[in-house]
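>
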Amino acid sequence: MKRFFLLTCFSLLSLFNTSELLAQACNTRVLDPKVAGFLKMIGYQDLSLEQLRAMPMEQIKFAGPPAIPYPKEDVRRIKITADSIPVLVFNASKTPNAPIIINYHGGGFISPLLPGLEHSLWLESKTYGAVVVAVDYRVAPEHRFPGAVNDSYNAFKWVAQHGKSLGGDPNRIVLMGNSAGANLVAVIAQKAMKEGIAKKIKLQVLNGLPVDLRPKHMETSVSYQQNAKGYFQTKDACYFAVETYAPNQYNNPEVSPILTKDLSGLPPAVIINAEFDPLRDDGILYAAKLRQAGVKVWDKCFAGQIHCLIGLPPGAPALLEYEALVMTAMKESFQK
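Add 3 to a position in the sequence shown, counting from 1, and you land on the number used in this note's numbering.
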């Protein structure tokens, strides 16, 4: 359990007023007691970059939460596109012509779509009354960049064309991602914008967003220094994920999407940050740059929380607030 969700998730500071950005961040420096209890319960310990490099990759790749049962009739397992990308299609709400959420999982670009994530995807379908299409994109080190990007983008285009056959409404597509998956959502939205099909995406939801994967950014970002160790997602884990996924590609906007100069025309975005996350300021910076480009943004930094709001029990106020924010953004975005 010590490596539970080890790599679940993943400065252009000169462009913005740093003090203003940090004022937007939550700075209580008081960890939620429920989250502290969770870290103690799983026996959490930091692993250094050297320890991660020395570990068998399979031990890292398949570290994850235990599987939780859910109604198996609510999921279909299919393969799509010419590359036979595996996807899981959840329809817990049984709502006809429901919105479609294309979900991209976390895991540092290293872990595949693990069984322990399936219950949360089923619950996502139930909570938002949506068909959830979870993409099991190829992962590193067997498939380095751009494998994950290509699979993720091709899956989006396939769902946009065939979503009706899955029971959903292809005119109401939401891209949703946690951590590494949030990075992929940002990249997919930008690729869609460049190809003139961004309007097919009504909303992007980015939780625990790594948007600047350059090592020099990790050494200058305030949140990377504040939260380098001790809070589940570490700076060393981020380093390891990046060097495994996209070595020497850090300056590529399809790896570090905040480097794209013009973000105008992107779909509206929900950006979720957590106080005790090395990636907190990445999300804050990206939200600021999107707003500067005229993109509608709903963002929230959750005080006392860790990466991707991990460790909270069901029904926790922060989780309910997160869900309410997403539902509000979905409702507003679908009306346009």
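Idealized CB from N, CA, C, for every residue including glycine.
Give me the Cβ distance between G150 and S182, rounded to the nearest whole Å; I'm assuming they're in contact under 8 Å.
Wrong, their Cβ atoms sit about 17 Å apart, outside the cutoff.
> Does the Cβ-Cβ distance between Y248 and A143 come in under 8 Å?
yes
> Kindly identify the DSSP beta-bridge partner or partners of K303.
I275
> State whether the region 266-278 contacts the region 323-337, with contact taken as three or more CB pairs (one from each stretch) at a distance under 8 Å.
Yes: at least three Cβ pairs fall under 8 Å.
> Any idea if N30 is buried or exposed, counting beta-carbon neighbours within 10 angstroms, 16 or more meaning buried?
exposed
> In the DSSP assignment, what are the bridge partners of D172?
P102
> Between the region 149-167 and the region 65-82, are three or more C-beta pairs nearer than 8 Å?
no
> How long is the line joining the alpha carbons of K197 and P256, rounded to whole angstroms?
12 Å
> Closer than 8 Å is the cut-off here; do at least three beta carbon pairs connect the region 97-106 with the region 122-141?
yes
> So A70 and P115 are in contact, right, with Cβ under 8 Å, and what is the actual spacing, rounded?
Not confirmed; about 14 Å, so no contact.
> Give me the DSSP bridge partner(s) of L206.
Looking at the DSSP assignment, L206 forms a beta bridge with V177.
> Determine the extent of the beta strand (DSSP E) in which L91 is found, giving its start and end residues.
I88 to F93
> Might you give, ordered along the chain, the residues of its own chain that have their beta carbon closer than 6 Å to the beta carbon of N157, omitting 5 neighbours on each side?
T84
> In the DSSP assignment, the alpha helix (DSSP H) including I287 goes from what residue to what residue?
I287 -> alpha helix (DSSP H) spans R283 to Q295.
> Would you decide whether A26 is buried or exposed? Buried here means 16 or more other CB atoms lie within 10 Å of its CB.
Unreliable placement is indicated for A26, whose pLDDT of 40 sits below 50; the coordinate value is still reported in the next sentence. A26 should be labelled exposed.
> Any chance the region 259-269 sits against the region 320-331, with 3 or more Cβ pairs inside 8 Å?
no
> Between the C-alpha atoms of E222 and R175, what's the straight-line distance to the nearest angstrom?
39 Å
> Start and end of the alpha helix (DSSP H) containing R32?
That residue, R32, is in no alpha helix (DSSP H); it is neither H nor E in DSSP.
> By DSSP's criteria, A137 is part of a beta bridge. Which residues make up the other side?
Beta-bridge pairing links A137 to L91 and N106.
> Within 8 Å, do at least three Cβ pairs link the region 30-41 to the region 298-307?
yes
> Using only the alpha-carbon positions, how far apart do V90 and Q295 sit?
35 Å
> Per DSSP, R79 is paired with what?
V92
> Considering only residues of the region 184-244, which uninterrupted alpha helix (DSSP H) runs meet the minimum length of 4 residues and lie entirely inside it, listed in chain order?
218-221 and 225-229
> Can you name the start and end residues of the alpha helix (DSSP H) that T130 belongs to?
E121 to Y131
> Out of M44, K37, Q48 and K43, point me to the one whose CA is closest to Q236's CA.
Q48
> Are the Cβ atoms of A244 and I113 separated by less than 8 Å?
yes
> Using the C-alpha atoms, what's the distance from V177 back to V208?
7 Å
> Would you mind sorting A290 into buried or exposed? The rule is 16 or more other CB atoms within 10 Å of its CB.
buried
> Among A101, I88 and L124, which has the Cα closest to the Cα of K75?
Among A101, I88 and L124, the Cα nearest to that of K75 is on L124.
> How big is the Cα-Cα spacing for P72 and M58?
30 Å
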